[in-house]
Amino acid sequence: MLDIQNIRKDFPILQREVNGKPLIYFDNAATSQTPQQVIDVIVDYYSNYNANIHRGVHSLSQEATDAYEQARLKIQKHFNAKHSHEIIFTAGTTHGINLIANGFSSLLKKGDEIIVSALEHHSNIVPWQMLCERTGAILKVIPMNENGELIMSAYDALLNENTKLVFVNHISNALGTINPIAYIIEKAHAVGAAVLVDGAQSCPHIKPDVQALDVDFYVCSAHKMCGPTGVGMLYGKEAWLNKLPPYQGGGEMIAEVSFEKTTYAGLPHKFEAGTPNICGGIAFGAALDYMNAIGFDAIANYEHELLDYGTEQLLKIEGLKIYGTAKEKTSVISFNVGTIHPYDIGTILDKMGIAVRTGHHCAQPIMDFYKIPGTVRASFMFYNTKEEIDAFITALKKAIMMLS
Ligand SMILES: *Cc1c(COP(=O)(O)O)cnc(C)c1O
Numbered sequence: 033m034l035d036i037q038n039i040r041k042d043f044p045i046l047q048r049e050v051n052g053k054p055l056i057y058f059d060n061a062a063t064s065q066t067p068q069q070v071i072d073v074i075v076d077y078y079s080n081y082n083a084n085i086h087r088g089v090h091s092l093s094q095e096a097t098d099a100y101e102q103a104r105l106k107i108q109k110h111f112n113a114k115h116s117h118e119i120i121f122t123a124g125t126t127h128g129i130n131l132i133a134n135g136f137s138s139l140l141k142k143g144d145e146i147i148v149s150a151l152e153h154h155s156n157i158v159p160w161q162m163l164c165e166r167t168g169a170i171l172k173v174i175p176m177n178e179n180g181e182l183i184m185s186a187y188d189a190l191l192n193e194n195t196k197l198v199f200v201n202h203i204s205n206a207l208g209t210i211n212p213i214a215y216i217i218e219k220a221h222a223v224g225a226a227v228l229v230d231g232a233q234s235c236p237h238i239k240p241d242v243q244a245l246d247v248d249f250y251v252c253s254a255h256k257m258c259g260p261t262g263v264g265m266l267y268g269k270e271a272w273l274n275k276l277p278p279y280q281g282g283g284e285m286i287a288e289v290s291f292e293k294t295t296y297a298g299l300p301h302k303f304e305a306g307t308p309n310i311c312g313g314i315a316f317g318a319a320l321d322y323m324n325a326i327g328f329d330a331i332a333n334y335e336h337e338l339l340d341y342g343t344e345q346l347l348k349i350e351g352l353k354i355y356g357t358a359k360e361k362t363s364v365i366s367f368n369v370g371t372i373h374p375y376d377i378g379t380i381l382d383k384m385g386i387a388v389r390t391g392h393h394c395a396q397p398i399m400d401f402y403k404i405p406g407t408v409r410a411s412f413m414f415y416n417t418k419e420e421i422d423a424f425i426t427a428l429k430k431a432i433m434m435l436s
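Remember, this note's numbering sits 32 above the position in the sequence shown when you count from 1.
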């Protein structure tokens, strides 16, 4: 059992009002809120040991380096990576995906095939389209059914000896569907293809074990799991990371530089050109500490209760349709009410202090599938409550009355 009232005290932002009403924050799938424990780490860094890492002999630089590398070890342990140099700090999920897409430019040839899923975020579609343009590779898409589940028999049929890469999100941000990635990885490996999993939506709710999954690459963003924006991680199997060329050139990623030839640094520095988001990386580690102290099993159980309760209450509203009814899903509810535009509902809810997402959620192909312009999306984290869901339902009913 989680002590939600105590947990809520860790989040200063949850104490504030919006438009004269207590804030109800249901936009967690876009970014999560930050607990005081993580804010303290950020303040401590800039107050006490802000310095550039790796290059300095002075004490501050060494303290900053130690804290940054400590954070890398925390991330390694959290995801159960075999080596710490398999953890690359990035600016976030989008950056991690682009790093891999860029790296594969030199490994793919005309006629090779890349498989993505119909449930992808734009950041997981566009880089592959660009990669296909550069290399002549072909993009294939795993289709989905009406419930928002990927159709595995169609996936099986897409795989062949030309398949080089499979890219799929672990959990869909628009619908909350949990994808069967263990199956997807196993089948891809059977034809010799590598798999990158976008974990932006899974990492806030579950604790992936990259070795047990045998996944080749896994990416996520700190800001969706109680950390700051602008930082994330890329996990890659050592052998793959050694095979891929560096992404950006600059300081920190080199071994030796002359105008004739530059040799690259070893892992992980080969992929970490320039001064990184040092404070962000350290705070990312603190966010993992915070969530692990609560415990991912407890988090998942409680969020599932919120999902069931929210779904049940919403379905009592006449004319309301939920998009994404997969058997396996997390605490994301996408819906529309009759022909009311999602944007109008979102605007009125905001006047009542309630933050939800409206629009296509960077997943236009999913909206095209359902032939809708967008949805209202309420997404819950472990610091949300059933009382907040009740207040949200009351406010939503008011909004519907005003708009119909
Ligand atoms: C949020 C999100 C992204 C993009 O994350 P950034 O932090 O903006 O780079 C990618 N994929 C999914 C599934 C997401 O939810």
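We put the beta carbon where it would ideally sit given N, CA and C, even for glycine.
In or out: residue i buried (at least 16 other Cβ within 10 Å) or exposed?
i           : result
residue 115 : exposed
residue 215 : exposed
residue 117 : buried
residue 44  : exposed
residue 175 : exposed
residue 384 : buried
residue 307 : exposed
residue 304 : buried
residue 196 : buried
residue 291 : exposed
residue 433 : exposed
residue 359 : exposed
residue 90  : exposed
residue 33  : exposed
residue 289 : exposed
residue 211 : buried
residue 177 : exposed
residue 348 : exposed
residue 68  : exposed
residue 21  : This structure does not reach residue 21, given that the chain is present from 33 up to 436, and the question cannot be answered.
residue 192 : exposed
For residue i, is the beta carbon positioned less than 7 Å from some heavy atom of ligand 1?
i           : result
residue 208 : no
residue 290 : no
residue 368 : no
residue 264 : yes
residue 201 : yes
residue 378 : no
residue 205 : yes
residue 161 : no
residue 126 : yes
residue 230 : yes
residue 396 : no
residue 156 : yes
residue 256 : yes
residue 69  : no
residue 65  : no
residue 153 : yes
residue 253 : yes
residue 243 : no
residue 94  : no
residue 233 : yes
Kindly identify the DSSP beta-bridge partner or partners of residue i.
i           : result
residue 148 : 173, 199
residue 228 : 199, 249
residue 289 : 294
residue 209 : 361
residue 101 : In DSSP, residue 101 forms no bridge with anything.
residue 59  : 411
residue 368 : 353
residue 182 : 176
residue 265 : 121, 252
residue 53  : 50
residue 391 : 407
residue 386 : 56
_Any contact between the region 243-255 and the region 120-134? By contact I mean 3 or more CB pairs, one from each, below 8 Å._
The region 243-255 makes contact with the region 120-134; the number of CB pairs closer than 8 Å reaches 3 or more.
*Do the region 237-246 and the region 323-333 make contact, defined as three or more Cβ pairs closer than 8 Å?*
They touch, by the three-pair rule.
*asked:* Contact between the region 270-284 and the region 328-338 is defined here as three or more beta-carbon pairs at a separation below 8 Å; is this criterion met?
replied: Too few Cβ pairs lie closer than 8 Å, so no.
_Three Cβ pairs or more, each shorter than 8 Å: is that satisfied between the region 306-319 and the region 77-88?_
Result yes; three or more Cβ-Cβ pairs closer than 8 Å.
_Can you confirm whether the region 135-146 touches the region 168-181 when touching is taken to mean that 3 or more C-beta pairs between the two stretches lie within less than 8 Å?_
Yes: the two stretches touch, three or more of their Cβ pairs being nearer than 8 Å.
*Touch test, the region 47-66 against the region 410-420, Cβ-Cβ under 8 Å, three pairs minimum*: Contact between the region 47-66 and the region 410-420 is present, because at least three Cβ pairs lie under 8 Å.
*Counting pairs of Cβ atoms below 8 Å between the region 228-237 and the region 200-207, do you hit three or more?*
Yes, the region 228-237 is in contact with the region 200-207.
*Can at least three beta-carbon pairs, one atom from the region 394-401 and one from the region 367-385, be found at a separation below 8 Å?*
Short answer: they don't touch.
*Is the region 218-227 close to the region 412-432, with three or more CB pairs under 8 Å?*
A contact is defined here as three or more CB-CB pairs under 8 Å, and the region 218-227 fails this definition with respect to the region 412-432.
*Three or more C-beta pairs closer than 8 Å, one from the region 272-279 and one from the region 129-136: is that the case here?*
Yes, they touch.
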